[in-house]
Every structure is written in C-alpha cells, then in structure tokens.
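>
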Amino acid sequence: TILAYLPQNCNQNPPTFAYAATRADRETAKQLATIVPSNDRQPYDVLDVIRAIVDYGEFVQVQELYAASAVVGFACIDGHPVGIVANQPKVNAGILDVNSSEKVARFVRLCDAFNLPVVTLVDTPGYKPGSDQEHAGIIRRGAKVIYAYANAQVPLVTVILRKAFGGAYIVMGSKSMGADFNYAWPTSQIAVLGAQGAVNIIHRKDLQKAKERGQDVDALRKKLVEDYENTTVNANLSLETGQIDAMIDPEQTRDVIANSLKILRSKKRVSRTGKHHGNQPM
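Residue numbers are given in UniProt numbering: position 128 of the sequence shown equals residue 128, and the series is strictly consecutive.
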C-alpha cells in the first residue's frame, strides 16, 4: 500500500526494507536497452522501465487514470522508498499538458513533504501546443512543476531515457531545477526542439529555395536533420556544459541511481531564515 512507503510524520525518515538483489533482478536490468526503441517515434511502456530498476519490480502507481501521459508512484531501490516521476511515451508521446503538470507537481510536493527522494525518468517531446492549453493555463500550471522541483530539498536524481526537448525537459528535474544528479543514456536527445521541427523552422527559406529550383527537397531535409542531430540534439553538448553529470549505459541505470541515492542520504534540509514560504503558483 501507499502508506507502507511513507513515514509516520514529516519529521521522520521513510522506513527501510530488507533487500537482496536476485538473479532475475540483475537479468531484468540488463534488458533495459531493449525496452526503449531506437526509433524515437516508436512508443513504449515506461512502466516496463520502472519495474526493471526498482526492487522486485514492485511499483505502486498513484492517479493511474488521470493525466496518463505522466506516471507517478512509489517504489523501493535497495530497500529505500522513493518517489518515481516519468513521462509515458505510449500516451500522447509523453507530452506535458495542464493535467500532467498538476499531477507531477502535486506528487513531487508530496515526496518532499515526507522526505522521499524523487527519481525522474525523462522522455518527452515538450509541452502540448494549442489554444485550448493556453486557455486552460498551461503557463501557470507548468510553473507549478518548476516550483515543486526548485523548492524540493529531498534527493533528486534524473535519468534521460530518450527525448528531452524544450521547456518540458527543463521542468522535469533538470540541473536548472536543482537536481542533484542528472544522467543520460547514450542515445538520448537533448535540445530546444526535435530535429524535424528545428530544421523546418531554421532552414525554411533554404527548403523553399530548393523546391523552387526543382531540387530534391526530401534529400536536403534529410541531410539537414542528420547534421542537426549530430551537432545539437545529442547529449554530448549537455555533458560538456555540465547539464548532465554522466552518460550511462541502460543496464547501469539501476546501480547508478542506487549509488547516487546512497551518496545523497546525508543531504540535509536548509533552514530558510527570515522566510515563511514561497509564493506558489495557484
């Protein structure tokens, strides 16, 4: 049950449980690379990833039927309870919208209130566009996610599984939001926009001129996309600038998260002298 992962009150640490890694756990962790397709347009179930990195594959999901493009819930890693936040690529490609923003923000605040570390798994193409989202207050609601992560004082560990684009990447436990450790898989893509969208905007005039001259527009677009992917979208630039701490192989994910959380167990809350609380977006 959910209560099994929580302490009796906010002044206590979460309970710990006996755990010894089984051969099945180790074999499952090695299969992580096969769960996430290399084709970034192909969906997959992020629950399979979560179950591969948590103890005994046990994950208690919260608000399962609400805003399903985001997944939140409780699990244990090496016997220590954690909160898991993840994008769900099989539902609207894991995009963030007004409802998923509310869901993520509320859960991160809950974990911070009861001293549970937050592990964030990122695979999102960005925020959902459209006037309906604007009228529903996507800026205000998206700001709640920023507030939740930026004010959290529990350990924050983030792993980029595949896509991390635009503002959605920033709010999902990035270094800018105060995450303690950020990791990325070698095939991950980190950028303001995906390659296709960026090329269509940046090289719009070049593509139009090629069309007017009767040139092969598709071949030109393909070359421009490849150039953008090689120079901008890959995670190497983020590694060089310190936005991620290390590139890790998928099969290392569980061990890296567990070791990071072990290091962060001594993390202390900071007393905000002269300040009652922040002005949270409502």
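Just so it is clear, CB atoms sit at the ideal spot from N, CA and C, and this is done for glycine as well.
Helix, strand or coil: which one does DSSP assign to histidine 135?
Note: histidine 135 maps to helix in three-state DSSP.
> Where glycine 79 and phenylalanine 17 are concerned, what is the direct C-alpha to C-alpha distance, given to the nearest angstrom?
5 Å
> Between which two residues does the beta strand (DSSP E) holding arginine 162 run?
Judged by DSSP secondary structure, arginine 162 falls within the beta strand (DSSP E) whose first and last residues are 156-165.
> With respect to the alpha helix (DSSP H) encompassing threonine 34, which residues constitute its N-terminal and C-terminal limits?
32-35
> What is the rounded straight-line gap between the Cα of proline 89 and the Cα of isoleucine 160?
13 Å
> Contact between the segment 31-46 and the segment 141-158: three or more CB pairs below 8 Å?
no
> Is aspartate 123 near glycine 167, with beta carbons less than 8 Å apart?
Not in contact: aspartate 123 and glycine 167 (Cβ atoms no closer than 8 Å).
> Please classify asparagine 151: does DSSP put it in a helix, a strand, or coil?
Helix, per DSSP.
> Assuming valine 85 contacts alanine 75 under a Cβ cut-off of 8 Å, what Cβ separation, rounded to an integer in Å, is found between them?
Actually they do not touch by this definition, with Cβ atoms about 11 Å apart.
> Just list the alpha helix (DSSP H) runs in the segment 80-121, keeping only unbroken ones of 4 residues or longer that don't cross its boundaries, in chain order.
98-113
> In angstroms, rounded to a whole number, what distance separates the CA positions of isoleucine 257 and alanine 33?
16 Å
> With burial defined as no fewer than 16 other Cβ atoms inside 10 Å of the residue's Cβ, what is the status of cysteine 10: buried or exposed?
exposed
> Pop quiz: threonine 231 and glycine 173 are said to be a contact at Cβ under 8 Å. What is the actual Cβ separation, rounded to whole angstroms?
About 26 Å separates the two Cβ atoms, so there is no contact after all.
> Could you compute how far the alpha carbon of asparagine 92 sits from the alpha carbon of glutamate 134?
18 Å
> What number of angstroms, rounded off, separates the C-alpha of phenylalanine 165 from the C-alpha of valine 192?
5 Å
> Please go through the same chain and pick out, in chain order, the residues whose beta-carbon is closer than 6 Å to the beta-carbon of glutamine 243, but skip the five residues on each side of it.
Lys175
> Compare the C-alpha of valine 225 against each of Lys211, Leu207, Glu212 and name the closest.
Leu207
> Which residue wins for smallest C-alpha separation from isoleucine 201, given the options Pro14, Pro15, Arg221?
Of Pro14, Pro15, Arg221, the residue nearest in Cα terms is Arg221.
> Taking the CB atoms as reference points, tell me whether serine 38 and alanine 67 lie closer together than 8 Å.
No; because the gap between Cβ atoms is not below 8 Å, this pair is not in contact.
> According to DSSP, is glycine 57 part of a helix, a strand, or is it coil?
helix
> Three-state secondary structure (DSSP) at aspartate 218?
Helix.
> Give the secondary structure of glutamine 252 by DSSP, where H, G and I count as helix, E and B as strand, and everything else as coil.
helix
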